[in-house]
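Working notes, beginning with the structure itself.
Numbering (mature numbering (1 follows the signal peptide of the UniProt record, and there is no 0)), first residue to last: -23 to -1, 1 to 352.
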């Protein structure tokens, strides 16, 4: 819609093509309702003015929103150490694409050797304690051994069995094969491997650095798991539902645009911003979007039939919207009257007239030049 800030320029142009005194005389001579505006056909033609009827089209309301690119929890992995050690080798760097199971970092430490030694010791003792337990069961059945000895043998065996199971799982967590350890293949280092396909987005280490247990090593993100997180003002949330299309572009980018579909809507209004969080999933891979990137978006709220006029037919005057309705056509002039309208901004230079029931299908509205005549 056209703003009032251009009114002075319009009148200068208008005056250059018409005789201002004659126009004033014509306007003053209008025979019609109070506030009616008269314009000669000569003035109408020389100023390039046109009339238009309300046109019915299929259009959609678009809700403006801002947001950010986030990553699903299952597509984000922060690698950390399961035990202390020195970084022996680094196989990747920030920005590398990796496959699940690919070697990332090798860490060495004497504690890795001790863990394997402990495992071998308990594995070696398990058969002895198992045999003693079986022997005590037999003796107890023959009433030769006491129940106390049987219980002790049983406890010793179950204890070492639990240790074997626990140490075996620790080895597997570190990527060591218990079978190879039992074969005497003891290693002084372990290799951290990628748990998912993705991109190495953060790298926190260098070769030779000593890491404590639980230290963060690197971050892997699978870009197929990114999604759109939007903040929608509470006044705009009504009618927004899963499945609606969202037009998304990086903040400040006037050209790039991708589409996403709303998947979920938070049932809470944030106190500070008075907004609601809305999530949407891209319809196709969107590798141009990076986690953490800020977005501008439009939610296509719904498609329906609307009656529209060109945006230049509507004048915004002190937050109220007006049009000029052709009231009468005479031999040499047009008589128009000012009417207030309720509007909804659309794309392609159109404005929906929400109170179209106030007008008839034959009504005509001034489309070019309305700004300079509405007061």
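Heads up, the beta-carbon is just placed ideally off N, CA and C, and yes, glycines get one too.
- Note on residue 88: under 16 other CB atoms within 10 angstroms of its CB, so exposed under the neighbour-count rule.
- Per DSSP, reduced to three states, the secondary structure at residue 142 is helical.
- In terms of Cβ geometry, residue 274 and residue 42 form a close pair [threshold 7 Å].
- Pairing residue 10 with residue 277, the inter-Cα distance amounts to about 42 Å.
- The three-state secondary structure of residue 227, taken from DSSP, is strand.
- Here residue 165 has 85, 89, 90 as same chain residues with Cβ atoms under 7 Å from its own Cβ, once five neighbours each way along the sequence are excluded.
- Residue state for residue 279 is assigned as strand, using DSSP reduced to three classes.
- Of 130, 103, 50, the smallest CA-CA separation from residue 116 is found for 130.
- When DSSP reads this structure, residue 175 sits in a beta bridge with 75.
- When C-alpha distances from residue 67 are compared across 81, 74, 73, 58, the shortest belongs to 81.
- Annotated as proximal: residue 77 and residue 174, with beta-carbon spacing under 7 Å.
- By DSSP's assignment, residue 194 forms no beta bridge with any residue.
- The Cβ-Cβ distance between residue 44 and residue 286 does not fall below 7 Å.
- Look at residue 131 here: in three-state DSSP terms it is helix.
- Looking only at 339, 311, 336, the smallest Cα-Cα distance to residue 17 is reached by 311.
- Around the Cβ of residue 105, a 10 Å sphere holds fewer than 16 other Cβ atoms; the residue is exposed.
- Residue 206 and residue 258 have their C-alpha atoms spaced approximately 9 Å apart.
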